[in-house]
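Presented below is the structure to which this report refers.
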Amino acid sequence: MEVRIGPARSTCRSAVSLPDAEGAECTVRRYPEDVPGPDEIREVLERPGREPWDITRTREAAAEELGLGRCPRDDGSRERWIAALCEHPRPIRRPIVTAEDGTAVVARTDEAVRGVLSR
């Protein structure tokens, strides 16, 4: 299991503590120190069948600076979104939990993390 987090966020700290408490093996990746590359973002998006705008906090100041709030949400703009998130990962919703079975979820609640743990 891999958990991508922003360490300052309480939901992220909880997403890391739950697998630890359950004795589950967990790799922790911290944004923005460990910035994802384009292929990694594409892989995470494919697992739950999401688009980059689905995992972006568009009201985040960094997203506004990148113009993502006004950027079209279509196939033609997909790569622009991915490039922007690689360059500035701060607007990425987290934690993102990736399970061994290939699923990935934006685990905003403890229940979502537990759901991944039960797989």
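According to this note's numbering, the residues represented by the sequence shown are -7 to 111, in order. We put the CB at the ideal spot given by N, CA and C, even for glycine.
Outcome for residue i when other beta-carbon atoms lying within 10 angstroms are tallied against a minimum of 16
| i | result |
| --- | --- |
| Pro87 | buried |
| Pro81 | buried |
| Val53 | Note on identity: in this sequence residue 53 is Ala, with Val being the wrong assignment. Per the 10 Å Cβ criterion, exposed. |
Coil, strand or helix - residue i by DSSP
| i | result |
| --- | --- |
| Arg1 | coil |
| Arg(-4) | strand |
| Ala75 | helix |
| Ala104 | helix |
Residue i beta carbon near the ligand HEM (any heavy atom closer than 7 Å)
| i | result |
| --- | --- |
| Ala0 | In the structure shown, the ligand HEM is absent, as is every other ligand, since no ligand is present at all. |
Residue of the options minimising C-alpha distance to residue i
| i | options | result |
| --- | --- | --- |
| Glu25 | Pro11, Val36, Pro(-1) | Pro(-1) |
| Arg65 | Glu57, Cys78, Arg42 | Arg42 |
| Thr90 | Arg39, Arg70, Gly59, Arg22 | Arg39 |
| Pro11 | Arg1, Tyr23, Val27, Glu(-6) | Glu(-6) |
At 3 residues or longer, what runs of the beta strand (DSSP E) sit wholly inside the segment 7 to 72? 19 to 22
Determine, using beta-carbon pairs with one atom in the segment 39 to 50 and one in the segment 86 to 106, whether at least three such pairs fall under 8 Å. yes
Stretch-stretch touch, CB-based, cutoff 8 Å, three pairs: the segment 91 to 102 with the segment 0 to 16: yes
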